[in-house]
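Keeping their order, the protein sequence lines are chains A and B.
Under the numbering used here, the residues of the first sequence are numbered 1 to 317, in order.
Under the numbering used here, the residues of the second sequence are numbered 318 to 634, in order.
Yeah, the Cβ is synthetic: ideal placement off N, Cα and C, and Gly gets one too.
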Amino acid sequence: MKEEVLFEISSLSRNSLKVKGFRFGREGTTPSCVIVGPMMGTAIDQLWIASQLVRFLRQHELANAAFVKGEILVIPTVNPYSFNMGKNFWPLDNTDIDVMFPGYDKGETTQRIAARLFEKTNNYDYAILLEARKDHVECIPYVEVLESGMSYIEDARAFGLDFIHVKEEMPNDTVSLTYNWNVWNAKAFSLISGKKGILHKHEANKVFDAIVRFLVKKELIDFSTFEGSHGNLVMPNDVEAIKSSAAGLFDTLANIGDSVVHGQPLARIFNALDGTLIQTIISPCDGIISCRYDYSLIFQNAIAYRIVKVESAQNTL
Amino acid sequence: MIEEVFNVNLPVNETLTLRRNRFSPEDISTSTKRISIVTGIHGDEIEGQYVCYLLAKWLNNNKHCIKGIVDIYPSMNPMGIDSITRGFPFYDVDLNRNFPGNTSDFMPAQVANAIVDTVRGSDFAIDIHASNIFLRELPQVRISRSTADELIPLAEKLDIEFIWVHDAVTVLESTFAHAMNSLGTKTLVVEMGVGMRITKEYGQSLTKGILNLLAHVGIIERAVLPTTKTTVSNLHSEVFFVNASKSGIFIPILEHNVTVLKGEKLGEIIDPLSGRIQETLISPCNGLLFTIREYPVVYEGSLLARILEDPKEDTAL
Chain A
1 MKEEVLFEIS
11 SLSRNSLKVK
21 GFRFGREGTT
31 PSCVIVGPMM
41 GTAIDQLWIA
51 SQLVRFLRQH
61 ELANAAFVKG
71 EILVIPTVNP
81 YSFNMGKNFW
91 PLDNTDIDVM
101 FPGYDKGETT
111 QRIAARLFEK
121 TNNYDYAILL
131 EARKDHVECI
141 PYVEVLESGM
151 SYIEDARAFG
161 LDFIHVKEEM
171 PNDTVSLTYN
181 WNVWNAKAFS
191 LISGKKGILH
201 KHEANKVFDA
211 IVRFLVKKEL
221 IDFSTFEGSH
231 GNLVMPNDVE
241 AIKSSAAGLF
251 DTLANIGDSV
261 VHGQPLARIF
271 NALDGTLIQT
281 IISPCDGIIS
291 CRYDYSLIFQ
301 NAIAYRIVKV
311 ESAQNTL
Chain B
318 MIEEVFNVNL
328 PVNETLTLRR
338 NRFSPEDIST
348 STKRISIVTG
358 IHGDEIEGQY
368 VCYLLAKWLN
378 NNKHCIKGIV
388 DIYPSMNPMG
398 IDSITRGFPF
408 YDVDLNRNFP
418 GNTSDFMPAQ
428 VANAIVDTVR
438 GSDFAIDIHA
448 SNIFLRELPQ
458 VRISRSTADE
468 LIPLAEKLDI
478 EFIWVHDAVT
488 VLESTFAHAM
498 NSLGTKTLVV
508 EMGVGMRITK
518 EYGQSLTKGI
528 LNLLAHVGII
538 ERAVLPTTKT
548 TVSNLHSEVF
558 FVNASKSGIF
568 IPILEHNVTV
578 LKGEKLGEII
588 DPLSGRIQET
598 LISPCNGLLF
608 TIREYPVVYE
618 GSLLARILED
628 PKEDTAL
């Protein structure tokens, strides 16, 4: 293992921001894979996954020098400053690094961070980004592939996760890291899981296992692992968004990953002052809960649940 | 007439309401022109509040002049405005990167969708911004190159100092202005002043400009005033960006809105701990200093100034 400072940004009063990479195998060999940890400073699950991956690869490489067969670069996080303050985005101006790609080395600070990160990560066969969702939800682990990555969707099955979500591309996506990796011919995947601000080891370890499985199947490491799921393909219309019709205290009755049936109560909303039950949220379909609103106070019309509809099980590649 | 155009209940005994003040003539037909004046999409930008006040005051006092519909929307992000929060509070996202919005998405996207729905059908719209808390801007209209032919003649009616025609950027397709221009509403974006402050002179000047535009397009009956400012644009010259290459405290030397010469000192980045000058910033061209940094703490990459190159340089060559 080679530990490197990939780039630094100086600060007026704090220690310099150092973005570290951990390189395994031989640089420049194939197959190659880069794994980038969170850009948001509240994505604790993703930091856990990346750091445990460094530990796993380091221990096995120490025991067997031929353990890594190609090249693997793990960058546990791009944004230590925000982690150390409990902030989502860049501490000074609250800009999101993941809307700055491919970056601009003569531009604003977060554009420069993006440019430097992109320069260090844009020439790998496989590129994996560890992400928490930016909205207020908790979700099951899934692989996300942008529509422009449909040509290599079969590769997403190597993770063995239950769901592969094909994301419709919006204007904002064109400045994301995965989109730009894709443009540079990497097979790019986002692994999304958990909720911000807290470590869910159970969910995080599923993602860790998925990455190890992917590395095995793509012949990047010499290791044995159990088979995962076949991977259900989920298109944008296969997900039912269920909104609250009332606002108040949110009492959830169903968890992420639960199978639910049409008519099943999912949550109750109570008036926050007098305790009256004002809504019972009912599942409008059969399916599996992929995401759940993660805060105990809920707005009217907020997305309370997302359910992958059972009818999407008929999707084929 | 003050109308509520969107309501959503918040968890604890409050409703989030978007309001507009509509001024209209007694007789309305399908040919009656309509303009929407929108501001407060970014909660830390207050300059537009004063313009809305002055405009509403004038219209209240001159009802006999109103021949078309003027809709004034002072606060499109009410919780943001009331808490000095740039983005949409709780969700921590930029509302102006979520247009045209979607009723099936999270709350900021639903609010964006509601704004588009209510402004839809206007012949014209003006979206007033105030830069951010970091930069002070000369009043300017920003127009995408793809809509320049159509919008520059309209922008010139505002009698504003500067029209900045910028390249089409995909990410800007998620802004209010892009969404409305796509729907056939000719929409101008005004940037002026600085975040969290009101520059009375700019507000008064823009209000006069808006009244001038309203007279030109027949929404108010009033003599069209001769323009008093020389509007410049970057159609025949370049905009130069000056970014910090060191972190520290930026101390400007020049005032905002002055002509600078190539090689002239713009400011310094200093280090309070060592008592040393970290960097001296020099103008890269002759031109108009239309943006200057207001907030002193800078990182490498922080934008310090923008200069509109003097077109005379080209002719001299």
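Exercise. Between which two residues does the alpha helix (DSSP H) containing Tyr126 (chain A) stretch?
Worked result: If you number the first sequence from 1, residue 126 (chain A) lands on position 126. Unbroken run through Tyr126 (chain A) is the beta strand (DSSP E), Tyr126 to Glu131; no alpha helix (DSSP H).
For this session: Scan the segment 443–476 of chain B for residues whose Cβ lies nearer than 9 angstroms to a Cβ of chain A and list them as they occur along the chain.
Result: Among the residues of the segment 443–476 of chain B, those with a Cβ less than 9 angstroms away from any Cβ of chain A are Asn449, Ile450 and Phe451, in the order of the chain.
For this session: Please confirm if Pro171 (chain A) has its CB atom under 8 angstroms from at least one CB of chain B.
Result: On the first sequence, position 171 is the one that residue 171 (chain A) refers to. With its beta carbon less than 8 angstroms from one in chain B, Pro171 (chain A) belongs to the interface.
For this session: Tell me, to the nearest whole angstrom, how far the beta carbon of Leu130 (chain A) is from that of Val36 (chain A); I am working on the premise that it is less than 8 angstroms.
Result: Residue numbering aside, residue 130 (chain A) sits at position 130 when the first sequence is read from its first letter. Residue numbering aside, residue 36 (chain A) sits at position 36 when the first sequence is read from its first letter. About 7 angstroms separates the beta carbon of Leu130 (chain A) from that of Val36 (chain A), a gap short enough to meet the 8 angstroms contact definition.
Exercise. Which value, in whole angstroms, describes the spacing of the CA atoms of Pro569 (chain B) and Asp588 (chain B)?
Worked result: Taking the first residue of the second sequence as 1, we reach residue 569 (chain B) at position 252. Taking the first residue of the second sequence as 1, we reach residue 588 (chain B) at position 271. So the two alpha carbons sit approximately 14 angstroms from each other.
For this session: Run the CB neighbour count on Met85 (chain A), radius 10 Å, all protein chains shown included, and call it buried at 16 or more, exposed below.
Result: Position 85 of the first sequence, counting from 1, holds the residue named residue 85 (chain A). Exposed, because fewer than 16 other Cβ atoms sit within 10 Å of the Cβ of Met85 (chain A).
Exercise. What does DSSP give as the partner residues of Val506 (chain B) in its beta bridges?
Worked result: As a working mapping, residue 506 (chain B) is identified with position 189 in the second sequence. Beta bridge pairing from DSSP links Val506 (chain B) with B:Asp444 and B:Arg459.
For this session: Kindly indicate if chain E contains any beta-carbon less than 8 angstroms away from that of Ala272 (chain A).
Result: Chain labels in this structure do not include chain E; the protein chains are A and B.
For this session: With a 10 Å radius around its C-beta and 16 neighbouring C-beta atoms as the bar for buried, classify Thr276 (chain A) as buried or exposed.
Result: Position 276 of the first sequence, counted from the first residue, corresponds to residue 276 (chain A). Per the 10 Å Cβ criterion, exposed.
Exercise. Of all the options B:Leu531, B:Val534, B:Asn330 and B:Arg403, which has the alpha carbon lying nearest to the alpha carbon of Val511 (chain B)?
Worked result: On the second sequence, position 194 is the one that residue 511 (chain B) refers to. Just measuring C-alpha positions, the residue of B:Leu531, B:Val534, B:Asn330 and B:Arg403 sitting nearest Val511 (chain B) is B:Arg403.
Exercise. Would DSSP call Gly360 (chain B) helix, strand or coil?
Worked result: Along the second sequence, one-based indexing puts residue 360 (chain B) at 43. Of the three classes helix, strand and coil, the one that applies to Gly360 (chain B) here is coil, per DSSP.
Exercise. Is the shortest distance between the beta-carbon of Glu555 (chain B) and the beta-carbons of chain A less than 8 angstroms?
Worked result: The sequence position of residue 555 (chain B) within the second sequence is 238, counting from 1. With 8 angstroms as the cut-off, Glu555 (chain B) does not count as an interface residue toward chain A.
For this session: Pick out the complete alpha helix (DSSP H) segments inside the segment 92–175 of chain A, 4 residues or longer, and give them in chain order.
Result: Complete alpha helix (DSSP H) runs here, min 4: 109–121.
For this session: Give the residues from the segment 132–152 of chain A that approach chain B closer than 9 angstroms (Cβ to any Cβ), ordered along the chain.
Result: Along the segment 132–152 of chain A, going in chain order, the ones with a CB nearer than 9 angstroms to a CB of chain B are Lys134, Asp135, His136 and Val137.
Exercise. Nearest to Phe189 (chain A) by CA position, among A:Asn180, A:Met1 and A:Leu6, is which residue?
Worked result: For this step, residue 189 (chain A) is matched to residue 189 along the first sequence. The residue with the shortest Cα to Cα distance from Phe189 (chain A) is A:Asn180.
Exercise. Near Glu61 (chain A), what residues of its chain come up, given a Cβ to Cβ distance below 7 angstroms and the 5 sequence neighbours on each side ignored?
Worked result: To locate residue 61 (chain A), count along the first sequence from 1; it is residue 61. Here the set comprises Met1, Phe24, Phe67 and Val68.
Exercise. If Tyr293 (chain A) and His165 (chain A) are in contact, beta carbons under 8 angstroms, what's the gap, nearest whole angstrom?
Worked result: Along the first sequence, one-based indexing puts residue 293 (chain A) at 293. Along the first sequence, one-based indexing puts residue 165 (chain A) at 165. About 18 angstroms separates the two Cβ atoms, so there is no contact after all.
Exercise. Of all the CB atoms in chain A, is at least one closer than 8 angstroms to the CB of Gly526 (chain B)?
Worked result: Here residue 526 (chain B) is taken as the residue at index 209 of the second sequence, counted from 1. Output row for Gly526 (chain B): interface = no.
For this session: Can you pull the chain A residues whose beta carbon is under 8 angstroms from the beta carbon of Phe423 (chain B), in chain order?
Result: Position 106 of the second sequence, counted from the first residue, corresponds to residue 423 (chain B). Residues of chain A passing the Cβ test: Asp135, His136, Ala302 and Ile303.
Exercise. In three-state terms, what does DSSP make of Leu542 (chain B)?
Worked result: The residue given as residue 542 (chain B) occupies position 225 in the second sequence. Three-state result, Leu542 (chain B): coil.
Problem set entry | Coarse secondary structure for Thr632 (chain B), derived from DSSP in three states | For the purposes of this step, residue 632 (chain B) is taken as residue 315 along the second sequence, with counting starting at 1. At Thr632 (chain B) the pLDDT is 45, less than 50, meaning the model places this residue with poor confidence; the figure from the coordinates comes in the next sentence. In this structure, Thr632 (chain B) counts as helix in the three-state DSSP scheme.
Problem set entry | Contacts around Ala633 (chain B), its chain only, beta-carbon distance under 7 angstroms, and the 5 residues preceding and following it disregarded | For the purposes of this step, residue 633 (chain B) is taken as residue 316 along the second sequence, with counting starting at 1. Confidence at Ala633 (chain B) is low in this model, with a pLDDT of 42, below 50, so the placement of that residue should be treated as unreliable; the coordinate-derived value is given next. Excluding positions up to five away in sequence, the list is empty.
For this session: Answer yes or no: do Leu475 (chain B) and Ile527 (chain B) have a C-beta to C-beta separation smaller than 8 angstroms?
Result: Residue 475 (chain B) sits at position 158 when you count from the first residue of the second sequence. Residue 527 (chain B) sits at position 210 when you count from the first residue of the second sequence. One thing to note: Leu475 (chain B) has its Cβ within 8 angstroms of the Cβ of Ile527 (chain B).
Exercise. In chain order, what residues of the same chain lie with their CB nearer than 6 angstroms to the CB of Leu646 (chain B), ignoring the 5 residues before and after it?
Worked result: Past the edges of chain B, shown from 318 to 634, lies residue 646 (chain B), and the structure says nothing about it.
Exercise. Under a Cβ-count criterion, where at least 16 other Cβ atoms within 10 Å of its own Cβ denotes burial, should Gln46 (chain A) be classed as buried or exposed?
Worked result: Taking the first sequence and counting its residues from 1, one reaches residue 46 (chain A) at position 46. Per the 10 Å Cβ criterion, buried.
Problem set entry | chain B contacts from the segment 71–93 of chain A (Cβ-Cβ distance under 8 angstroms) | Answer in chain order: Asn88, Phe89, Leu92 and Asp93.
For this session: Given a cut-off of 8 angstroms, decide if Val175 (chain A) and Val99 (chain A) are closer than it, judged by their beta-carbon atoms.
Result: Residue numbering aside, residue 99 (chain A) sits at position 99 when the first sequence is read from its first letter. Residue numbering aside, residue 175 (chain A) sits at position 175 when the first sequence is read from its first letter. Pairing Val99 (chain A) with Val175 (chain A) gives a Cβ-Cβ distance under 8 angstroms.
Problem set entry | Residue-level contact to chain B via CB, Ile298 (chain A), 8 angstroms cutoff | In the first sequence, the residue the question calls residue 298 (chain A) occupies position 298. Chain B, which has a Cβ nearer than 8 angstroms to the Cβ of Ile298 (chain A), makes this yes.
Problem set entry | Continuous beta strand (DSSP E) stretch holding Gln279 (chain A): start and end | Within the first sequence, numbered from 1, the residue matching residue 279 (chain A) stands at position 279. Going by DSSP, Gln279 (chain A) is part of the beta strand (DSSP E) stretching over Leu277 to Ile282.
Exercise. Quick one: any contact between the segment 538–549 of chain B and the segment 492–505 of chain B, if contact means 3 or more CB pairs under 8 angstroms?
Worked result: Because the criterion of three Cβ pairs below 8 angstroms is not met, the segment 538–549 of chain B and the segment 492–505 of chain B do not touch.
For this session: Count the CB pairs spanning the segment 74–91 of chain A and the segment 4–23 of chain A that are closer than 8 angstroms, and state whether there are at least three.
Result: Of all C-beta pairs linking the segment 74–91 of chain A to the segment 4–23 of chain A, three or more are shorter than 8 angstroms, placing the two stretches in contact.
For this session: For Ala472 (chain B), I'd like the list of residues in its chain whose CB is within less than 6 angstroms of its CB, leaving aside the five on either flank, ordered along the chain.
Result: Along the second sequence, read from residue 1 onward, the residue named residue 472 (chain B) stands at position 155. Cβ within range, chain order: Val458, Ile480 and Leu505.
For this session: Give the straight-line distance between the Cα atoms of Gly580 (chain B) and Gln52 (chain A), rounded to the nearest whole angstrom.
Result: On the second sequence, position 263 is the one that residue 580 (chain B) refers to. On the first sequence, position 52 is the one that residue 52 (chain A) refers to. The straight-line gap from Cα to Cα measures roughly 52 angstroms.
Problem set entry | Opening and closing residue of the beta strand (DSSP E) in which Glu61 (chain A) lies | Your numbering for residue 61 (chain A) matches position 61 in the first sequence. For Glu61 (chain A), there is no enclosing beta strand (DSSP E); the residue is part of the alpha helix (DSSP H) that begins and ends at Ile44 to Ala63.
Exercise. In chain A, which residues lie less than 8 angstroms from Ser264 (chain B) when you measure between Cβ atoms?
Worked result: Absent from the structure is residue 264 (chain B), since the part of chain B shown begins at 318 and ends at 634.
Problem set entry | Three-state secondary structure (DSSP) of Asp399 (chain B) | Here residue 399 (chain B) is taken as the residue at index 82 of the second sequence, counted from 1. Note: Asp399 (chain B) maps to coil in three-state DSSP.
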